[in-house]
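> Numbering (the numbering used here), first residue to last: 6 to 252. First the structure, which I've put down as structure tokens, then a few questions once you've had a look.
As structure tokens, this is what we get:
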């Protein structure tokens with residue numbers, strides 16, 4: 006099922022031993038167009054600290070109750086690496102974060118999440134069978150650590166949804182609107198569509214553009230370039246938030 010980032014930002018993250026806080030923003034990878042972290046405001050219990058929660062930890066969804074359940078504890082979150090969410094998140098930050106929770110790295114593989122397409126496949130023990138090959142598991146862990154070291158200085162291309170909302174859309178023949186939101190798959194946590202508000206050019210109309218049609222996101226001038234004409238954008242599927250989408 007697809008959900009808007011606005012719906013996700015209404016959700017409370019619930020740990021095994023209590024609520025962690027409310028989602029305030031989302032970091033996405035502008036190469037793979039995948040949600041990498043939810044930025045969560047912990048409120049009073051952790052002195053208003055904002056923490057990162059990976060979709061890897063999410064094990065149950067309660068959309069009607071605006072709750073996302075995670076397989077980690079408040080205690081783990083309390084002692085997790087402190088990362089300033091008001092500044093760009095570096096690959097070093099990610100290596101530290103992933104190492105703390107025992108997650109294998111999601112980058113460097115052939116899929117959206119490591120060598121797979123779903124984040125849950127990276128949760129520790131998710132693919133380990135009772136009586137599994139310990140030597141193989143240790144070898145895989147060592148390989149992951151080496152790969153993390155090799156990619157330590159990479160640009161993770163993490164961007165804030167809140168920051169990108171409002172970016173102007175440049176079609177092949179001129180400006181056509183601005184980014185109004187994102188639709189996110191709640192299984193893979195991939196961004197399936199950008200919601201484009203064409204009111205800058207065509208009043209009162211919102212359309213859906215797939216990330217595959219985006220040729221570039223330009224941070225200095227706050228623009229998104231698409232491989233479409235303005236007429237093609239106008240003819241794109243209209244967005245009605247009252248209609249549920251599954252793809």
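We treat Cβ as the ideally placed atom computed from N, Cα and C, and that holds for glycine.
Going by DSSP, name the residue or residues bridged to residue 64.
The residue given as residue 64 occupies position 59 in the chain shown. Answer is none; residue 64 lacks a bridge partner.
> Buried or exposed for residue 47, please, with buried defined as at least 16 other CB atoms from any protein chain shown within 10 angstroms of its CB.
Looking up residue 47 in the chain shown gives position 42. So residue 47 counts as buried.
> Once DSSP output is grouped into helix, strand and coil, what is the label at residue 226?
The residue labelled residue 226 in the question sits at position 221 within the chain shown. Coil, per DSSP.
> Report, in whole angstroms, the separation of the C-beta atoms of residue 238 and residue 184, which I expect to be a contact under 8 Å.
Position 233 of the chain shown, counted from the first residue, corresponds to residue 238. Position 179 of the chain shown, counted from the first residue, corresponds to residue 184. Rounded, the Cβ-Cβ distance is 12 Å, inconsistent with contact.
> What residue range does the beta strand (DSSP E) around residue 44 cover?
Position 39 of the chain shown, counted from the start, is the residue given in the question as residue 44. First-last of the beta strand (DSSP E) with residue 44: 39-46.
> Can you tell me which of 16, 251, 36 and 77 puts its alpha carbon nearest to the alpha carbon of residue 223?
Working through the chain shown from its first residue, we reach residue 223 at position 218. When each option's Cα is compared against that of residue 223, the closest is 36.
> In angstroms, rounded to a whole number, what distance separates the CA positions of residue 153 and residue 188?
Numbered from 1 along the chain shown, position 148 holds the residue referred to as residue 153. Numbered from 1 along the chain shown, position 183 holds the residue referred to as residue 188. Unreliable placement is indicated for residue 153, whose pLDDT of 49 sits below 50; the coordinate value is still reported in the next sentence. Approximately 30 Å, taken between the alpha carbons.
> Could you give the residue range of the alpha helix (DSSP H) that holds residue 12?
On the chain shown, position 7 is the one that residue 12 refers to. First-last of the alpha helix (DSSP H) with residue 12: 10-13.
> For residue 208, which of helix, strand or coil comes out of DSSP?
Position 203 of the chain shown, counting from 1, holds the residue named residue 208. Coil at residue 208, not helix or strand.
> Would you say residue 61 and residue 43 are within 8 Å of each other, going by their C-beta atoms?
Taking the first residue of the chain shown as position 1, residue 61 is located at position 56. Taking the first residue of the chain shown as position 1, residue 43 is located at position 38. Not in contact: residue 61 and residue 43 (Cβ atoms no closer than 8 Å).
> Between the alpha carbons of residue 146 and residue 109, how many angstroms are there, rounded?
As a first step, residue 146 is located in the chain shown; it is residue number 141 there, counting from the start. As a first step, residue 109 is located in the chain shown; it is residue number 104 there, counting from the start. With a pLDDT of only 49 at residue 146, under the threshold of 50, the placement of this residue in the model should not be trusted; the figure read from the coordinates follows. One C-alpha to the other measures close to 8 Å.
> Using the Cα positions of residue 32 and residue 165, report the straight-line distance between them to the nearest angstrom.
Against the chain shown, residue 32 aligns to sequence position 27. Against the chain shown, residue 165 aligns to sequence position 160. So the alpha carbons of these two residues sit roughly 5 Å apart.
> Using only alpha-carbon positions, find the residue among 86, 64, 95 and 191 that is nearest to residue 106.
Here residue 106 refers to the residue found at position 101 of the chain shown. Nearest of 86, 64, 95 and 191 to residue 106, Cα basis: 86.
> When you compare the CB positions of residue 19 and residue 73, do they come within less than 8 Å of one another, or not?
Here residue 19 corresponds to residue number 14 of the chain shown, with the count starting at 1. Here residue 73 corresponds to residue number 68 of the chain shown, with the count starting at 1. Yes, Cβ-Cβ distance for residue 19 and residue 73 is below 8 Å.
> By how many angstroms is the C-alpha of residue 75 removed from the C-alpha of residue 16?
For the purposes of this step, residue 16 is identified with residue 11 of the chain shown, where counting begins at 1. For the purposes of this step, residue 75 is identified with residue 70 of the chain shown, where counting begins at 1. For residue 16 and residue 75, the distance between alpha carbons rounds to 12 Å.
> Please name the residue in 98, 252 and 201 whose C-alpha comes closest to that of residue 194.
Taking the chain shown and counting its residues from 1, one reaches residue 194 at position 189. The candidate whose alpha carbon is nearest that of residue 194 is 252.
> What does residue 164 pair with, by DSSP beta-bridge criteria?
Here residue 164 refers to the residue found at position 159 of the chain shown. Per DSSP, 33.
> For a quick check, are the C-beta atoms of residue 40 and residue 201 less than 8 Å apart?
Here residue 40 refers to the residue found at position 35 of the chain shown. Here residue 201 refers to the residue found at position 196 of the chain shown. No, these two residues do not count as a Cβ contact at 8 Å.
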